[in-house]
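First comes the structure, then the notes that go with it.
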Amino acid sequence: MKISSSIIPFISIFILLSISSVTPSDSDDFDDFLRCLPKQSDSSIPIANAILTPNSSSFQYIYQVRASNLRPLLSATSRPVAIITALHPSHAQASVICAKRHDFQLRIRSGGHDFEGLSYTSDVPFVILDMFNLNSIDIDMSTETAWVQAGATTGELYYRIAEKSNVHGFPSGVCTTLGIGGHFSGGGYGFLMRKYGVSIDNVIDAQLIDANGRIFNRKSMGEDVFWAIRGGGTTSFGIILSWRIKLVRVPPRVTVFTVQRTLEQGATELAYRWQQVAPKLPKDLFIRLQPEPINNGGNNKTVRVSFIGHFLGQADGLLRLMNVSFPELGLTRNDCLEMSWVESTLYWAGFSNGTSIDVLLNRVAVNKVFAKDKSDYYKAVIPKQGLETLWQVLMDIENIFVQMNPYGGRMEEISDSETAFEHRAGNLFKVLYGIQWSESEGGVNATARYVELSRRLYDAMAPYASSNPREAFINYRDLDIGSNESEKTDFEDAKEYGAKYFRNNFIRLAGVKAKIDPENFFKNEQSIPPLPSH
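Per this note's numbering: the sequence shown = residues 402 to 935.
So, in structure tokens, the structure goes:
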């Protein structure tokens with residue numbers, strides 16, 4: 402997610418949450434739950450050190466600091482009765498066993514980047530299992546693989562790979578504070594997508610805790626479950642402890658660029674041409690299109706379109722390619738920056754050129770925002786009239802951004818049933834619409850207004866986006882496309898959002914759910930329910 406310049410002062414949100422926090426009732430169930438945990442975990446690493454209740458001095462801090470989007474916190478109707486900051490896999494196992502036994506819902510958080518906050522909010526009594534401390538990364542260069550725990554971040558993964566090699570990388574997110582556990586489970590994508598597919602296309606094993614607290618690997622869970630957790634959103638099926646990934650090869654030097662054009666400089670024509678070119682470029686080249694409104698004062702508004710590129714090679718080769726494939730953009734040598742692959746991850750994350758890669762080890766996003774995000778897939782070129790509609794809505798709303806990410810390349814080569822992630826061939830590009838605002842704009846009232854504005858943009862693009870169903874990306878979670886209540890997962894309601902996230906794979910996912918979690922212990926407002934038996 403892009404970070405807005407309208408940031409929320411940390412202390413004001415901390416106070417807000419402190420005022421609105423609630424404490425669990427002194428029920429026998431809660432006391433029994435707390436007594437259950439040490440009995441079900443490894444005694445050599447006491448789980449007592451991982452348990453936070455509202456009476457704990459760090460409870461509010463931990464609850465808030467690992468929540469990327471402040472909007473769900475503002476509207477949350479309840480707080481967790483406890484947070485288990487797991488220090489050992491057995492702590493996660495105990496959380497499952499004891500929450501199930503004492504009738505508490507369990508929400509699993511690895512990085513806190515769920516766009517709707519479903520990893521840290523619920524309307525029923527619940528416990529957060531925070532995987533943040535389980536962040537080991539074990540790289541084996543002899544096999545070009547790595548075991549990565551769920552609480553590790555994308556930035557940590559990039560850093561640890563770079564420690565071992567300057568010719569290896571991994572295809573995952575642009576944001577460097579994403580938790581690996583959730584990011585991979587929904588697919589995970591970034592600027593290597595056209596070359597190597599999404600993250601889960603490069604996952605070869607996993608460790609998963611089921612609803613009975615048992616740990617499975619790929620062999621013991623079976624291929625159906627392994628298929629489902631790669632793109633199906635793991636929290637419907639269990640808890641990811643770790644992923645085993647296959648590293649990918651990258652050249653010692655890559656090239657990045659950003660070219661910007663306003664409407665007055667022909668941005669509409671270039672954006673129209675980009676749609677035809679970007680999905681068909683060689684796999685080594687990825688060009689994101691990012692339009693954003695610019696207000697130069699008064700009614701002097703325009704849209705600036707950024708073409709942000711990543712090329713697996715040096716600038717000379719890129720320029721030769723662009724001169725043939727996309728000469729209209731007018732890319733020059735001065736636009737190009739050559740750097741190592743790991744340095745290019747900083748470029749994409751918005752850090753200034755020359756920033757130390759040590760910043761990748763910063764595990765928590767400092768600047769928090771109120772945000773509402775939505776997604777679309779496009780299977781046909783948006784006509785110029787459609788682009789002009791988009792520009793007008795952007796200028797009307799102003800505090801909004803759009804990211805268009807090209808498909809093609811490797812994404813066209815992988816079957817839509819290879820994994821649970823079905824958005825493959827036939828898509829030209831995927832789009833993120835993001836709108837952000839500050840606390841000073843009115844809190845709850847501002848939230849209602851900006852959410853409505855995001856829906857206005859989404860509705861305006863409906864004639865051009867995919868349809869029947871209008872597809873969406875589960876890592877860009879959006880409750881507007883359909884949801885259930887916190888405690889109940891109605892199958893018919895789930896089919897509505899399930900078809901948009903998973904298309905034809907939804908029914909198979911529900912079948913896997915019926916096998917591994919027939920009692921539907923793992924649930925949230927957009928989880929996959931067990932397939933009903935007939």
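Virtual Cβ for every residue (Gly too), placed ideally from N, Cα, C. Being a predicted model, the structure only gives us computed values, none of them experimental.
For residue i and residue j, what's the separation of their Cα atoms in angstroms?
| i | j | result |
| --- | --- | --- |
| G588 | E842 | 34 Å |
| I688 | A612 | 42 Å |
| E893 | Q927 | 12 Å |
| Q539 | S566 | Checking the sequence, you will find Asp at residue 539 rather than Gln. Straight-line Cα distance between these residues: approximately 14 Å. |
| P694 | S816 | 37 Å |
| T790 | A861 | 7 Å |
| Y560 | F571 | 11 Å |
| W838 | S600 | 30 Å |
| T544 | F460 | 41 Å |
| T454 | A483 | 5 Å |
| R480 | A772 | 20 Å |
| V568 | L719 | 19 Å |
| A672 | K780 | 16 Å |
| T478 | G598 | 39 Å |
| I498 | A551 | 19 Å |
| G632 | R825 | 12 Å |
| K684 | W742 | 16 Å |
| D429 | D541 | 48 Å |
| Y851 | T820 | 35 Å |
| N905 | E813 | 17 Å |
Which residue from the options puts its Cα closest to that of residue i?
| i | options | result |
| --- | --- | --- |
| A493 | Q677, A895, V466 and Q441 | Q441 |
| V832 | L788, A861, K775 and W675 | K775 |
| F923 | I610, P447, L593 and E665 | I610 |
| P930 | F903, N763, K901 and T890 | T890 |
| G574 | Y748, P652 and L682 | Y748 |
| V466 | S726, D541 and N768 | N768 |
| A849 | A487, L453 and R472 | R472 |
| G912 | F638, H514, P526 and L435 | F638 |
| L972 | K914, N806 and D433 | Lying outside 402 to 935, the shown extent of the chain, residue 972 is not represented and no answer is given. |
| G810 | V678, E799, I801 and E665 | V678 |
| R705 | Q661, L738, G731 and E799 | Q661 |
| A607 | M532, W742, Y859 and K620 | K620 |
| F505 | P692, I463 and F434 | F434 |
| T733 | D759, E517 and T659 | T659 |
| N876 | D918, G518, Q676 and L690 | G518 |
| S523 | R904, V845, I562 and S887 | S887 |
| A668 | E729, C437, N700 and Q715 | E729 |
With residue i as the anchor, note down where its beta strand (DSSP E) starts and where it stops.
| i | result |
| --- | --- |
| R662 | V655 to T663 |
| L507 | Q506 to R510 |
| V832 | F830 to W838 |
| K681 | Careful: K681 lies outside any beta strand (DSSP E) and carries neither H nor E. |
| F708 | K702 to F712 |
| F396 | Here the chain has residues from 402 to 935 only, and residue 396 is not among them. |
| F971 | Beyond the ends of the chain as shown, which are 402 and 935, falls residue 971; an answer cannot be given. |
| Q441 | Unbroken run through Q441: none, as it is neither H nor E. |
| T454 | It is not in any beta strand (DSSP E) - T454 carries neither H nor E in the DSSP assignment. |
| V599 | Unbroken run through V599: none, as it is neither H nor E. |
Which of the three DSSP states is assigned to residue i in this structure?
| i | result |
| --- | --- |
| S421 | Residue placement at S421 is poorly supported in this model, since its pLDDT is 40, which falls under 50; the coordinates still yield a value, given next. DSSP places S421 in helix when its eight states are reduced to three. |
| F617 | strand |
| S426 | With a pLDDT of 49 at S426, under the threshold of 50, the modelled position of that residue is not reliable, and no figure is offered here. |
| D432 | helix |
| T522 | coil |
| E842 | helix |
| L854 | helix |
| S376 | Here the chain comprises residues numbered 402 to 935, so residue 376 is not present and cannot be evaluated. |
| I414 | Caution applies to I414, whose pLDDT of 42 falls short of 50 and renders its modelled position unreliable; the value that the coordinates give is listed next. It is helical. |
| E872 | coil |
| F923 | coil |
| T544 | coil |
| M805 | strand |
| E624 | helix |
| R825 | coil |
| R689 | strand |
| N534 | coil |
Along the chain, where does the alpha helix (DSSP H) containing residue i start, and where does it finish?
| i | result |
| --- | --- |
| Q676 | A668 to V678 |
| D539 | Counting along the chain, D539 falls outside any alpha helix (DSSP H), though it belongs to the beta strand (DSSP E) covering I538 to D541. |
| V466 | F460 to V466 |
| A915 | F907 to I917 |
| S887 | Here S887 belongs to no alpha helix (DSSP H), and DSSP marks it neither H nor E. |
| D606 | Taken as a continuous stretch (DSSP letters only), D606 belongs to no alpha helix (DSSP H), being part of the beta strand (DSSP E) at V604 to I610. |
Length-filtered (3 minimum) beta strand (DSSP E) runs lying within the region 629-654 | Runs of the beta strand (DSSP E) inside the region 629-654: 640-647.
What residue ranges within the region 725-801 form continuous alpha helix (DSSP H) runs of no fewer than 4 residues, ordered along the chain?
-> Runs of the alpha helix (DSSP H) lying entirely within the region 725-801 and spanning at least 4 residues, in chain order: 742-749 and 785-798.
Enumerate, from N- to C-terminal direction, the unbroken beta strand (DSSP E) stretches of 3 or more residues contained entirely within the region 557-597.
-> none
Note down, one range per segment and in chain order, each alpha helix (DSSP H) of at least 4 residues found wholly within the region 469-505.
-> 472-476 and 490-502
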